[in-house]
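Read the structure below first, then the notes.
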Amino acid sequence: MKLKKLTIGSTELPGNLLLAPMADVTNLAFRLLCRQYGADLTYTEMIHSDALVNENRKAIMKGLTNREDWPFGVQLVGNSPESLREAALLVEEEFRPVVIDVNMGCPAKCITRAGCGSTLLKSPELVHKIISGLADALETPVSAKVRILEREEESLEIARLIEDAGALALTVHGRTAGQMYSGNSDLRQIRAIKKELSIPVIANGDIRDEESAENALEFTGCDGLMVGRAAMGNPFIFRRIRHYLETGEKLEPDPQTRQLEDFEAYITLLEEHGLLPSINLRMHAQWFTKGLHGSRYIREKISGMKDARSIIELMKTSCQENY
Ligand SMILES: Cc1cc2nc3c(=O)[nH]c(=O)nc-3n(C[C@H](O)[C@H](O)[C@H](O)COP(=O)(O)O)c2cc1C
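The letter at position 53 of the sequence shown is residue 53 when you use our numbering, and the numbering goes up by one with no holes.
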């Protein structure tokens with residue numbers, strides 16, 4: 001049995017498989033679906049602290065989570081300790097999540113230009129101020145999600161500093177910001193960070209199937225695994241990995257109907273939670289129907305459709321042979 005329990009603060013999770021925060025992906029409906037398939041903790045898409053504090057509080061908080069969405073973490077992005085603290089306090093009061101995470105890894109220009117995401121890693125003092133400010137102000141555990149730095153020693157330094165500042169967990173994506181998504185996630189650096197810290201360390205990057213999950217856990221000795229891109233359109237991956245870590249056996253390959261059933265369940269959840277109008281349906285359809293017969297036709301027809309029943313009908317008729 002290789003699946004371990006993961007404890008963050010006072011919350012003991014039944015396992016250690018986490019869904020990564022992903023902008024435009026990990027909305028409430030998608031998180032619920034991943035949870036049904038065995039994700040032990042899911043995170044919201046990153047939320048900018050300034051937006052939460054100054055502008056769109058109501059719009060952001062509406063549909064962010066609900067009672068079934070437990071346990072979940074909220075990820076904030078920002079670079080002002082004051083704004084992050086204020087936003088985190090709002091989140092804590094409203095939602096009581098398991099953990100409030102600070103994004104210190106996003107390499108996208110629109111984020112780094114504003115001094116947020118991975119740019120923070122160049123300012124250790126600011127990182128310390130942000131994490132200690134949050135840890136002092138909140139009852140909720142605070143965590144950070146980082147990318148590695150060029151030199152291992154620099155990564156270790158920032159990881160130690162995050163722990164010393166009061167974070168109760170750290171997620172490490174084993175690529176530098178400069179790499180974006182190229183190359184492979186460096187499990188050696190993740191392992192070195194895990195060895196260095198006492199708080200739970202969660203390994204992230206390139207976990208795409210049963211073997212990569214087992215290998216990342218064994219090689220790094222990490223306390224948890226976070227799955228990102230491999231879950232897009234494929235929430236069933238959590239059941240696969242979980243089953244394998246629990247039993248050492250692999251589940252049968254997916255029948256094509258599985259993808260369509262999952263997409264149908266996803267559309268239904270989006271509609272139930274009023275989220276259908278706010279997502280790029282064509283993009284999500286692309287992920288869920290990858291490799292399926294009739295998927296191109298579905299994608300072409302689907303954009304602009306906002307009614308769940310007609311979308312599901314379209315899927316069924318387009319893929320009749322294998323549905
Ligand atoms: C579409 C997309 C959106 C993402 N958004 C976020 C985000 O909001 N916050 C964050 O910390 N990381 C974000 N990431 C990075 C992932 O959380 C994860 O660290 C990265 O994809 C590496 O893991 P993977 O190899 O399992 O995909 C995003 C990645 C993708 C592909």
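Even for Gly, the Cβ is constructed at its ideal location relative to N, Cα and C.
{"Item": "L19: which of G115, D40, K2 sits nearest, CA to CA?", "Value": "D40"}
{"Item": "Can you give me the C-alpha to C-alpha distance between D262 and S132, rounded to a whole angstrom?", "Value": "41 Å"}
{"Item": "Using a threshold of 8 Å, is the CB atom of E45 nearer than that to any non-hydrogen atom of ligand 1?", "Value": "yes"}
{"Item": "Does DSSP put H273 in a helix, a strand or coil?", "Value": "coil"}
{"Item": "Let me know the secondary structure DSSP gives L52 once reduced to three states.", "Value": "helix"}
{"Item": "If you count every other CB in all the chains shown that lies within 10 Å of the CB of K194, and 16 or more means buried, which is it?", "Value": "buried"}
{"Item": "With a cut-off of 8 Å on the beta carbons, I'd call N27 and L275 a contact; round off their distance for me.", "Value": "6 Å"}
{"Item": "Please give the ranges of any beta strand (DSSP E) in the stretch 179-246, keeping only runs that are unbroken, at least 3 residues long and fully inside the region.", "Value": "201-204, 224-227"}
{"Item": "Using the C-alpha atoms, what's the distance from K316 back to A87?", "Value": "43 Å"}
{"Item": "At the level of alpha carbons, what is the spacing between T7 and S318?", "Value": "45 Å"}
{"Item": "Beta carbon of K145: closer than 8 Å to some heavy atom of ligand 1?", "Value": "yes"}
{"Item": "Go to A169, then tell me how far its beta strand (DSSP E) extends in each direction, as first and last residue.", "Value": "169-173"}
{"Item": "Ignore the nearest five residues each way along the sequence and tell me which others in I311's own chain have a CB closer than 7 Å to its CB.", "Value": "I267, I302, M305"}
{"Item": "Just how far apart, CA to CA, sit P141 and F72?", "Value": "12 Å"}
{"Item": "Just to confirm the assignment: which complete alpha helix (DSSP H) runs, minimum length 4, are found wholly within the stretch 41-94?", "Value": "57-61"}
{"Item": "With DSSP as the reference, label T358 as helix, strand or coil.", "Value": "Residue numbering for the chain in the displayed model covers 1 to 323; residue 358 lies beyond these limits and cannot be assessed."}
{"Item": "Could you tell me the distance, in whole angstroms, from the CA atom of T65 to the CA atom of L33?", "Value": "13 Å"}
{"Item": "Measuring only the C-alpha atoms, how far is L89 from L138?", "Value": "7 Å"}
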